[in-house]
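Please read the structure below before turning to the comments.
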Amino acid sequence: MRVLVAEDERMLADSIAEGLRGEALAVDVAYDGEAALERVRIHDYDVLILDRDLPGVHGDEVCRAVVADAAAVRILMLTASGDVRSRVAGLSLGADDYLPKPFAFEELVARVHALGRRVRAADPPILERAGIRLDWAHRQVFRDGRYVPLARKEFGLLAELLRARGAVVSAETLLEKVWDEHIDPFTNTVRTTMMKLRRKIGDPPVIETVTGVGYRIP
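Residues 270 to 487 (this note's numbering) are what the sequence shown spells out, left to right.
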């Protein structure tokens, strides 16, 4: 899942982003409304965490613009005001969910995952294929019953391959879904991380390279 955090309080924005990255999500950050709109129009985000009181282009205007563009991204609006009138106003703009500040990070994570499930077909809590078992809730992976400790990006790569249900996933798609916008598009990070993932999963190999196309777990 790819998430954009649009929040002008830099410490809060960076804290949210770092926490979500710990959940194996790809996260970008924008500190004002103009930057948020620019990123939404460039990248395919699953969820936009949007502070309603952004400077420059106000959060309300960002929300209206995203909805008007018919973008698939789901919007979780944040605000310092938690009264009913404010929640209703935020939702009437087209936001999908509303969370008043201060909030518990665990609740934010739960709401982000819930919104992500609306973007695409919900993943089952356990993904299984070719003897691999990936447990979302506990962030655990097993190969034929053997626990496989994975780093965050390795977990993210494996999850995308399992989601594909045997279809080929391109390196570009993996880069888009697992890393954030700061990654060099010409990097060999996907190949390097894939090598580490294969090494940890062990033999016999289950991840197949389709030359010139991408990777799959047949």
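The beta carbon of each residue, even a glycine, is placed where N, CA and C say it ideally should be.
Asked	Found
Please look up how many angstroms separate the CB atoms of Ile470 and Val417, rounded, as I've assumed it's under 8 Å.	6 Å
Around the Cβ of Phe374, are there at least 16 other Cβ atoms within 10 angstroms (buried) or fewer (exposed)?	exposed
Please classify Arg279: is it buried, with 16 or more other beta-carbons within 10 angstroms of its beta-carbon, or exposed?	exposed
Rounded to the nearest angstrom, what separates Asp413 and Gly400 at their Cα positions?	5 Å
Indicate whether Leu396 and Ala428 have their beta-carbon atoms separated by less than 8 Å.	yes
Less than 8 Å between the C-beta atoms of Val233 and Leu431, yes or no?	With the chain represented from 270 up to 487, any question about residue 233 goes unanswered, as that position is not in the structure.
If you draw a straight line from the C-alpha of Leu368 to the C-alpha of Arg398, how long is it?	37 Å
Please state whether DSSP places Gly288 in a helix, a strand or coil.	helix
To which residues does DSSP link Pro369 through a beta bridge?	Thr348
Quick check: what's the CA-CA separation for Gly363 versus Cys332?	7 Å
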